[in-house]
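Sequential numbering from 1 applies to the sequence shown in the working numbering. Each residue gets a CB set at the ideal place from its N, CA and C atoms; glycine is no exception. Keep in mind that this is a model prediction, so the values were computed, not measured. Let me begin by presenting the structure, written as structure tokens, before commenting on it.
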Amino acid sequence: MNSYRNNNNIKVGLFFVGLILIIGLLGYSNAIVNRLRNDNRDIVKLYSEIIAKTVNEDSDTNLNFVFDEIIKKVQFPIIYSDAKNAPIYSRNISDIESPDQLKKPMGAMDRQNDPIPISYHDQISGQSIPLGFLHYGDSDLIRKLQWLPYLEIGVVAMFIFIGFMGFNSIRNSEKRNIWVGMARETAHQLGTPVSALMGWVDRIKRHPEESSHVVQEMESDLERLNQIGTRFSKMGSQTVLNSISLKELVNRQTGYLKKRMPSLGKEIELTVTSSEEIFIEGNEILLGWAIENLIRNGIDSIKGEKGTVEILIYSDDNNGIIQLKDNGSGIRKKDWKNIFRPGFSTKERGWGLGLSLVNRIIGEIHRGEIKVIQSEIGKGTTFEICLKKSV
């Protein structure tokens with residue numbers, strides 16, 4: 001329930017972050033547009049003052065210079081009209097053949113920007129005489145800047161959508177692989193004790209006198225079945241860590257597998273070497289599962305009828321270390337990290353869950369580390385597990 005609530009909180013948080021980014025982008029773009037508009041308005045005001053000063057001169061030379069040389073250089077559309085708003089002159093407006101055709105674009109400009117009045121100040125009477133207006137619109141740069149944030153938002157939204165669809169497809173594929181892998185891992189876990197129990201039942205039928213001995217082995221297999229159920233129930237739940245002996249833990253797993261090795265159809269030499277008693281902080285059931293998976297992985301990698309799986313237990317200053325070496329098919333170096341990803345397998349019929357479970361048990365639950373320290377195609381692989389010692 002908490003995971004679903006956290007997922008919803010993350011989605012809501014991402015929505016608001018995206019909304020803030022969009023508002024910020026639009027606000028920043030509008031600020032730049034308004035600044036450019038103010039700059040254009042200052043330029044138009046300057047033109048209006050120059051026109052007002054040149055109108056009163058006897059010669060039209062300066063006025064013609066203003067219209068033909070100065071206003072010609074502006075980058076935005078501009079229209080000069082008389083005091084009655086009759087268009088007289090225009091610049092940067094295309095497809096205009098007569099002044100009457102300027103009324104429509106002039107109205108559009110006035111809706112964008114207020115026209116700048118041109119007035120002459122009569123020093124004798126002290127009155128301001130209106131001469132006309134300068135109407136101006138937005139430049140191409142301003143129009144592009146107005147659309148730019150929407151274009152950016154659209155591109156980003158499309159990229160996010162494509163990425164979301166891709167990641168969602170990958171996630172669904174991983175989910176399917178995990179579900180299939182969990183089902184097969186369950187069958188794989190149940191296979192050994194169930195096969196052993198069937199063998200013991202057949203043994204009792206043929207040799208009733210051995211029933212007392214066989215019952216003890218059957219009890220061991222039934223305990224293993226119960227342990228398998230406990231293993232799966234502990235995945236994803238709060239795990240309690242206790243001080244446990246690495247030597248006892250490894251010996252318990254190898255002891256169980258050695259008695260049932262003939263059912264695998266291979267002659268495997270399984271050895272354990274430990275120079276000292278090492279105690280680590282861990283969960284016995286889950287760590288036993290991880291070690292068993294590694295041993296089985298080593299056995300499965302052996303292609304012939306004979307092979308060896310060697311386990312070495314030792315320690316450094318802070319960690320208890322388990323090295324597991326087999327003489328199986330080996331792993332390509334580029335796949336040393338990939339083998340711990342769910343769904344990845346180097347086996348023809350592998351489902352890519354065993355080593356990912358081992359990695360989660362060691363890394364996430366026990367805060368340890370598992371890695372491949374040596375592997376060569378056709379010669380074998382060495383895994384190393386590091387676990388923190390108990391105080």
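Extent of the continuous alpha helix (DSSP H) run through Gln112
103 to 112
Return the bridge partner residues of Leu270 from the DSSP annotation.
Val309
Using DSSP bridges, identify the partner residues of Tyr120.
Ile129
For Val250, which residues in the same chain have their Cβ closer than 8 Å to its Cβ, ignoring the five residues on either side in sequence?
Val272, Ser274, Ile291, Ile311, Ile313, Ile322
If you reduce the DSSP assignment to three classes, tell me which class Asp100 lands in.
helix
State buried or exposed for Tyr4, treating a residue as buried only when at least 16 other CB atoms are found within 10 Å of its CB.
Confidence is the limiting factor: at Tyr4 the pLDDT is only 49, short of 50, which leaves the residue's position unreliable and the question unanswerable from this model.
Output the distance between the C-alpha atoms of Gly132 and Lys104, rounded to the nearest integer angstrom.
18 Å
I'd like to confirm the pairing. Which residues does DSSP put opposite Glu359 in its beta bridges?
A small correction: the amino acid at residue 359 is Asn; Glu does not occupy that position in the sequence shown. Paired residues: none, contrary to the question.
Three-state secondary structure (DSSP) of Thr381:
strand
Grouping DSSP H, G and I as helix and E and B as strand, with all else coil, what is Asn327?
coil
My output table needs one value for Arg41: the three-state DSSP class, helix, strand or coil.
helix
What's the call for Tyr136, buried or exposed, on a 16-neighbour Cβ count within 10 Å?
buried
Report, in whole angstroms, the separation of the C-beta atoms of Ile142 and Leu36, which I expect to be a contact under 8 Å.
5 Å
Just verifying my parser: in three-state terms, what is the DSSP assignment at Asn318?
coil
How would you write the range of the alpha helix (DSSP H) that Gly298 sits in, first residue to last?
284 to 301
For Ile280 and Leu246, believed in contact at Cβ under 8 Å, the rounded distance:
6 Å
For Arg224, collect the residues of the same chain with a Cβ closer than 6 Å to its Cβ; drop the 5 residues on either side in sequence, then sort them by chain order.
Pro193
Taking Thr254 and Asn283 to be in contact with their CB atoms under 8 Å, please state how far apart those CB atoms are, rounded to whole angstroms.
19 Å between Cβ atoms; not a contact.
Within the continuous beta strand (DSSP E) that includes Glu210, where are the two ends?
Glu210 -> no beta strand (DSSP E), and no H or E assigned at all.
Measuring CB to CB, does Gly203 end up less than 8 Å from Val214?
The sequence shown places Arg at residue 203, rather than the Gly named in the question. Cβ distance < 8 Å, so Arg203 and Val214 count as in contact.
Measuring alpha carbon to alpha carbon, tell me which residue in Gly166, Leu25, Ile299, Arg341 is nearest Asn327.
Ile299
Start and end of the beta strand (DSSP E) containing Lys259?
It is not in any beta strand (DSSP E) - Lys259 instead sits in the alpha helix (DSSP H) that spans 246 to 259.
Expressed to the nearest angstrom, what Euclidean distance is found between the alpha-carbon atoms of Leu355 and Glu277?
26 Å
Under the DSSP definition of a beta bridge, which residues are partnered with Phe279?
Ser245
Would you tell me roughly how many angstroms separate the C-alpha atoms of Val33 and Arg171, rounded to the nearest one?
43 Å
Whole angstroms is fine: what's the gap from Glu217's alpha carbon to Trp200's?
8 Å
Can you tell me whether Lys379 is buried or exposed? The criterion is at least 16 other CB atoms within 10 Å of its CB, across all chains shown.
exposed
So for Arg341, helix, strand or coil by DSSP?
coil
Please report the distance separating the alpha-carbon of Leu26 from that of Val155.
15 Å
Assuming the contact rule is C-beta atoms closer than 8 Å, Tyr150 and Ala52 should be a hit. Round their C-beta distance to whole Å, please.
With 8 Å as the limit, Tyr150 and Ala52 do not qualify as a contact, their Cβ atoms being about 40 Å apart.
So, for Ile377: in the same chain, excluding its five sequence neighbours on each side, which residues have a beta-carbon less than 6 Å away from its beta-carbon?
Gly330
For Gly24 and Asp60, the rounded distance between their alpha carbons:
Low confidence applies here, because Asp60 scores a pLDDT of 49, under 50, leaving its location unreliable and the question unanswered by this model.
Have a look at Lys389 and Ala196 and give me their C-alpha separation to the nearest angstrom.
35 Å
Contacting residues, own chain, Cβ-Cβ under 7 Å from Pro87 (five flanking each side not counted)
Ile79, Ser81, Pro99, Leu102, Lys103, Met106
What's the C-alpha gap between Ser94 and Ile116?
22 Å
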